[in-house]
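Student: Just passing along the structure, written as structure tokens.
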Amino acid sequence: MRIPRLFRFTLVYLLAFIALGILIRQGFATAFGNKADPLPGRLLAESILLGARFDLRLGLLSLAPMLLLGGFKLTTPFKEGLAKRLWLLWFALVFAVLIFSHMVDFAHYSYLGVKLSASVLNFLYNLDESAGMVWSTYPVGKLTLVWALSVALLTWGVAGLMRWVSHFAGWEAGKWKTSLLVLVSLLATLLGIHGKFSQYPLRWSDAYYTTNSFAAAVALNPVLNFFDTMSYTKDTYSIDDVRAAYPAVAAYLGVDHPDAKTLNFERHIQPKPTAFKGQPNVVMVYLESFSGYKTSLYGNPLETTPFFTQMAKESIWFDNLYTPHFGTARGIFAGLSGIPDVDLRDTSSRNPAAVNQNVLINAFKGYEKDYFIGGSTTWANVRGVLTKNIDGLKIHEEGSYSAPRNDVWGISDKNLFYEANKVFREKKSPFFAVIQTSGNHRPYTIPAEDTDFKLKNPSVAELHANGFAAVDEYNSFRYMDYCIEKFIEAAKKEAYFDNTVFVFFGDHGIRAMGHDVGPNVPRAFQDLKLSSVHTPFILYAPKLLKPARYDKTASQIDILPTIAGLFNLSYINKGMGRDLLDPRFDGSRFAFTIYPDEGGEIGILDKDWYYIMQVSKKSGGLFDMKSNTPSADKASEHPDIAARMKQQLRDYYTVSDYMLTHSGGK
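Residue numbers 72 to 737, in our numbering, belong to the letters of the sequence shown in order.
What follows is the structure, given as structure tokens:
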């Protein structure tokens with residue numbers, strides 16, 4: 072029996088398309104899998120097979136025009152002529168998009184630890200900086216050549232397949248058989264695109280079939296994931312759900328006059344008896360990608376942060392603080408607003424409806440306010456959040472400094488600190504300043520002028536065993552410690568130092584990808600991704616504060632309320648952060664996490680347990696933070712704890728979603 076040429080072409084093309092996808096997935100798993108704790112073979116096989124179904128869908132979609140038109144004589148791809156050339160042009164375009172997407176996906180994952188999604192479009196808002204970072208970090212010319220050669224090779228392969236298929240005799244059958252074949256082919260195509268023998272189609276959320284997020288990363292197709300997340304609109308809150316969640320969240324926050332009808336979240340804060348008598352200054356420093364497990368503070372044997380470690384021992388140090396999310400824009404927004412950035416599509420700093428926030432820096436009446444960044448605050452629309460919500464703020468950014476530009480992120484962190492110090496020493500009034508660093512970031516540029524900073528070169532095995540992917544990342548992290556030391560040394564020479572509270576914390580952590588978090592932090596940091604959200608938080612003021620160390624569970628949104636609690640201030644807190652030094656709250660403390668780019672994964676954790684679920688699903692898993700096998704779901708063993716934390720998580724997420732646009736502003 073003769074097989075139609077188009078059918079034969081489709082079958083071979085799809086097999087090759089899927090085989091290519093399997094090879095790419097295997098390469099992805101090899102490149103980014105944790106060598107110390109690899110993805111179990113069963114999960115790897117399941118993810119690759121699931122990925123093949125995603126690839127089948129994409130392959131069929133790429134064939135759709137040919138399946139519709141390729142059976143006609145005028146548009147057949149199996150005869151030399153204009154039609155064949157146009158079909159080859161079409162496949163060249165398909166392969167150009169496919170290979171480009173996979174290349175960007177590899178780079179995106181190596182950079183952020185998440186699959187390519189529509190959130191990559193956020194980088195287009197700051198095209199100059201993003202392009203500069205890419206050009207400085209990656210061999211763009213060589214990669215472009217590889218991309219072009221790959222597209223040419225695959226297109227040549229399709230041309231050869233067309234020639235091979237054209238040697239077979241055409242389909243000759245009656246109308247009945249032809250109609251039946253068309254019907255069966257149509258049904259098979261629709262089933263392949265649908266992806267499942269069920270009412271609902273194969274969706275990106277199916278990739279999250281296990282709590283192991285790397286298994287999902289292997290399974291997802293970057294092209295489909297990009298478009299799936301672009302068209303995805305988050306579940307907006309229901310006001311009824313907010314009212315249902317209100318009593319529990321209001322009690323947790325300590326709302327003065329709870330009212331579920333008006334949804335009042337205001338807390339009128341009065342100064343403590345232990346508050347400062349005068350008006351000390353505040354310097355609040357966001358440290359770029361400052362993961363706890365990479366620091367000497369948590370026992371990293373590579374001696375990355377000796378100065379910061381000594382400074383922490385002279386500070387009030389919170390060693391169990393988590394950022395709600397990964398990403399600088401989200402960290403800036405949450406740290407200032409006191410509300411987790413739970414927007415699943417974009418950062419809230421870019422959302423006009425979320426620009427009006429209650430920033431507690433305004434409680435510091437009579438203070439000058441400054442914001443320092445090495446580059447520009449136009450990045451991620453941070454300028455809008457800052458200038459809209461902080462009264463009298465003066466922004467210092469690229470173009471206003473005497474120091475030279477270091478790389479795409481502006482001046483170096485050392486020079487940023489020095490520029491800030493020059494401003495501080497001229498102050499005649501108390502001041503509250505925010506410094507946003509960026510040097511611990513690709514392309515990891517260490518200025519040639521800093522000749523007293525000595526590079527180190529541990530072996531690759533040492534780096535991978537202790538939280539670092541490469542030596543440039545390691546030295547960049549060390550350079551951050553060097554910059555902090557230079558800043559504090561300079562500040563100590565100035566009159567303002569003794570009357571200033573220096574606040575240091577990370578905008579977020581960074582996930583350990585393909586390497587270990589080191590021997591001295593809990594296994595949960597690796598297996599449950601906590602390495603990407605855990606960061607040190609210290610309050611350093613040798614003349615004002617007695618050193619202390621706290622292991623209470625804390626969140627980035629608690630930082631400003633904690634700072635304000637040290638001062639003789641009366642103010643209204645409308646956010647979701649709480650004072651970490653207020654003993655009223657010590658009976659119940661947890662941290663909230665969200666991964667918008669990983670299926671909308673949300674979580675809530677305390678000292679012992681971490682409950683994780685997808686926003687779109689009805690239940691999740693309960694994980695033991697102290698276990699040597701933390702990825703094992705314990706929900707069935709501890710149903711009461713799982714039920715309690717699930718409800719807390721749902722309530723907290725629902726209210727956070729509402730609060731993004733209803734915090735009441737100033």
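We put the beta carbon where it would ideally sit given N, CA and C, even for glycine.
These figures come from a predicted structure and were not determined experimentally.
Could you check which residue in A116, S698 and S641 has the C-alpha nearest to that of P344?
Tutor: S641
Student: Compare the beta carbon distance of S172 and P293 with 7 angstroms and say whether it is the shorter of the two.
Tutor: yes
Student: How many whole angstroms separate the CB atoms of T624 and L676, which I take to be in contact at a CB cut-off of 8 angstroms?
Tutor: 7 angstroms
Student: Alpha carbon to alpha carbon, what distance is there between Y438 and N639?
Tutor: 13 angstroms
Student: Assuming I555 and F379 make a contact with CB atoms under 8 angstroms, what is their CB distance in whole Å?
Tutor: 6 angstroms
Student: Would you call the stretch 455-462 in contact with the stretch 476-493, where contact means no fewer than 3 C-beta pairs closer than 8 angstroms?
Tutor: no
Student: Would you mind stating whether L261 and K267 have Cβ atoms separated by less than 7 angstroms?
Tutor: no
Student: Is the beta carbon of Y279 sitting closer than 7 angstroms to the one on A287?
Tutor: yes
Student: Please classify S500 as buried or exposed, where buried requires at least 16 neighbouring CB atoms within 10 angstroms.
Tutor: exposed
Student: With L373 and P529 assumed to form a contact (beta carbons below 8 angstroms), what rounded beta-carbon distance in angstroms separates them?
Tutor: Contact between L373 and P529 is confirmed by a C-beta separation of about 6 angstroms, below the 8 angstroms threshold.
Student: Within a Cβ cutoff of 7 angstroms, which residues of the same chain sit near W206, ignoring the five residues on either side of it in sequence?
Tutor: none
Student: Please state the DSSP three-state secondary structure of R401.
Tutor: helix
Student: Less than 8 angstroms between the CB atoms is what I'm expecting for L464 and P667, so what's the real figure, rounded?
Tutor: By a beta-carbon distance limit of 8 angstroms, L464 does not contact P667. Their separation comes to about 28 angstroms.
Student: Please state if the CB of H328 and the CB of I643 are separated by a distance shorter than 7 angstroms.
Tutor: Cβ atoms of I643 and H328: not closer than 7 angstroms.
Student: Can you say whether V726 is buried or exposed, counting buried as having 16 or more other CB atoms within 10 angstroms of its CB?
Tutor: buried
Student: Does DSSP put Q685 in a helix, in a strand, or in coil?
Tutor: strand
Student: Where in the stretch 468-498 do unbroken runs of the beta strand (DSSP E), each at least 3 residues long, occur, reported from the N-terminal end onward?
Tutor: none
Student: CB-CB under 6 angstroms to Y611, same chain, minus the five flanking residues each way: which ones, in chain order?
Tutor: M382, S386 and F573
Student: Cα separation between T304 and D417?
Tutor: The predicted model places T304 with a pLDDT of 43, which falls under 50 and marks its position as unreliable, so this point remains unresolved.
Student: From what residue to what residue does the alpha helix (DSSP H) around N460 run?
Tutor: V453 to N460
Student: Alpha carbon to alpha carbon, how far is G122 from G577? Give it in angstroms, no decimals.
Tutor: Taking the Cα positions, G577 is about 35 angstroms away from G122.
Student: Would you check if the distance between the CB atom of H579 and the CB atom of T394 is smaller than 7 angstroms?
Tutor: yes
Student: Using the rule of at least 16 other Cβ atoms within 10 Å of the residue's Cβ for burial, across every protein chain shown, is M301 buried or exposed?
Tutor: Classification for M301: exposed.
Student: If you run the structure through DSSP and keep just helix, strand and coil, what is T516?
Tutor: Note: T516 maps to coil in three-state DSSP.
Student: Could you work out which residue in K144, H535 and P210 is closest to N105 when comparing CA atoms only?
Tutor: Nearest C-alpha to N105: H535.
Student: With a Cβ-Cβ cutoff of 7 angstroms, do D108 and V413 count as a contact?
Tutor: no
Student: Taking the alpha carbon of K524 as the reference point, which residue from S547, A532 and N537 has its own alpha carbon closest?
Tutor: Per the sequence shown, the amino acid found at residue 524 is Phe instead of Lys. The shortest Cα separation from F524 among S547, A532 and N537 belongs to S547.
Student: Does DSSP put L415 in a helix, a strand or coil?
Tutor: coil
Student: Can I628 and F575 be called in contact, C-beta distance under 7 angstroms?
Tutor: The answer is no: Cβ separation not under 7 angstroms.
Student: Would a C-beta distance cut-off of 7 angstroms place A425 and L731 closer than the cut-off?
Tutor: Cβ distance < 7 angstroms, so A425 and L731 count as in contact.
Student: Touch check for the stretch 684-691 and the stretch 715-725: three-plus C-beta pairs under 8 angstroms?
Tutor: Yes, they touch.
Student: Please state whether the Cβ-Cβ distance between A474 and I466 is less than 7 angstroms.
Tutor: Not closer than 7 angstroms, so no.
Student: Compute the Euclidean distance between the alpha carbons of P607 and F404, then round it to the nearest angstrom.
Tutor: 18 angstroms
Student: For a test of the three-state rule: what should DSSP assign to Q507, helix, strand or coil?
Tutor: strand
Student: Output the distance between the C-alpha atoms of E200 and V479, rounded to the nearest integer angstrom.
Tutor: Cα to Cα, the separation comes out at about 5 angstroms.
Student: Take G538 and list the residues in its own chain whose beta-carbon comes closer than 6 angstroms to its own, dropping the five residues that flank it on each side.
Tutor: The beta carbon of G538 sits closer than 6 angstroms to those of Y364, K365, A583, V588 and G589, all from its chain and outside the five residues before and after it, given in chain order.
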